[in-house]
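Student: Structure below; questions to follow.
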Amino acid sequence: MMAVKDRSGMREEFLAGKLFLLLSSLLEEERPADRAQEAKNYLDHNYMHPVRLEALAASLGLDRRYLARLFKQSHGCSMQEYLKDKRMDEAARLLRQEYPVAAVGRMVSYDDPFAFSKAFRGHFGVSPRAWRERNGAHRSQIESYNIYGKKHFDP
Numbered sequence: 242m243m244a245v246k247d248r249s250g251m252r253e254e255f256l257a258g259k260l261f262l263l264l265s266s267l268l269e270e271e272r273p274a275d276r277a278q279e280a281k282n283y284l285d286h287n288y289m290h291p292v293r294l295e296a297l298a299a300s301l302g303l304d305r306r307y308l309a310r311l312f313k314q315s316h317g318c319s320m321q322e323y324l325k326d327k328r329m330d331e332a333a334r335l336l337r338q339e340y341p342v343a344a345v346g347r348m349v350s351y352d353d354p355f356a357f358s359k360a361f362r363g364h365f366g367v368s369p370r371a372w373r374e375r376n377g378a379h380r381s382q383i384e385s386y387n388i389y390g391k392k393h394f395d396p
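Residue numbers (the numbering used here): 242 to 396.
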């Protein structure tokens, strides 16, 4: 009879150990920094599309405000600031390649060229055209795109 009680106690300890391992693995998977990094990765790969932060948070299984707090703690800025910086940095890169300003705006998710120009000026302190003149598209890189995205060559 004593042997039955000993096995029962060992079984409880075994199950408690398995439960502890399961809980610890779940906690490791749900680290907040990982969620903030997932959000950053999503923004890095989808800046050229309209991004709904509520949908992003829902896809990660988090409340939008909670994800916003995690992101700011992890990356030092809000998701909106990060997304705007990402778009503006990409716009600057594209402007160097002689894409028309309106096309660059669309490539970084600004359908309205005036909204793009205003955002760009707010970020860099000059208009996209003035930035291009100062920073560098070389006319030797003549291949460009018209505002409808079709390739053409300047004479």
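Every residue, glycine too, gets a C-beta built ideally from N, C-alpha and C.
For the alpha helix (DSSP H) that S358 lies in, which residues bound it at each end?
Tutor: Per DSSP, S358 belongs to the alpha helix (DSSP H) from 354-365.
Student: Quick one: grab the DSSP three-state call for D330.
Tutor: Three-state result, D330: helix.
Student: So, at 7 Å on beta carbons, what are the nonlocal neighbours of R305 in its own chain, with the 5 sequence-adjacent residues on each side left out?
Tutor: The answer, listed in chain order, is L294, E295, A298.
Student: Rounding to the nearest angstrom, what Cα-Cα distance links G258 and R272 in this structure?
Tutor: Each residue's Cα considered, the two are about 22 Å apart.
Student: Write down every uninterrupted run of the alpha helix (DSSP H) in the region 263-312 whose length is 4 residues or greater and which is fully enclosed by it, in chain order.
Tutor: Qualifying alpha helix (DSSP H) stretches, in chain order: 273-287, 294-300.
Student: Measuring only the C-alpha atoms, how far is H364 from Y351?
Tutor: Approximately 14 Å between the Cα atoms of the pair.
Student: Indicate the three-state DSSP secondary structure (helix, strand or coil) for Y323 in the structure shown.
Tutor: Y323 falls in the helix class under three-state DSSP.
Student: Counting along the chain, where does the alpha helix (DSSP H) carrying P341 start and finish?
Tutor: Premise fails: P341 is in no alpha helix (DSSP H) and is neither H nor E.
Student: Kindly list the residues whose CB is nearer than 8 Å to the CB of A277, restricted to its own chain and excluding five residues on each side of it in sequence; keep chain order.
Tutor: Hits under 8 Å: L308, L311, F312, Q314, S315, H316.
Student: In whole angstroms, what separates the C-alpha of P228 from that of L301?
Tutor: The chain is shown from 242 up to 396; residue 228 falls before or after that span and cannot be answered.
Student: Excluding sequence positions up to five away, which residues of its chain have a Cβ less than 7 Å from the Cβ of L284?
Tutor: Contacts found: V292, M320, Y323, L324, K327.
Student: Beta-carbon within less than 6 Å of M329's beta-carbon, same chain only, minus the 5 sequence neighbours each way: which residues are those?
Tutor: The answer, listed in chain order, is H364.
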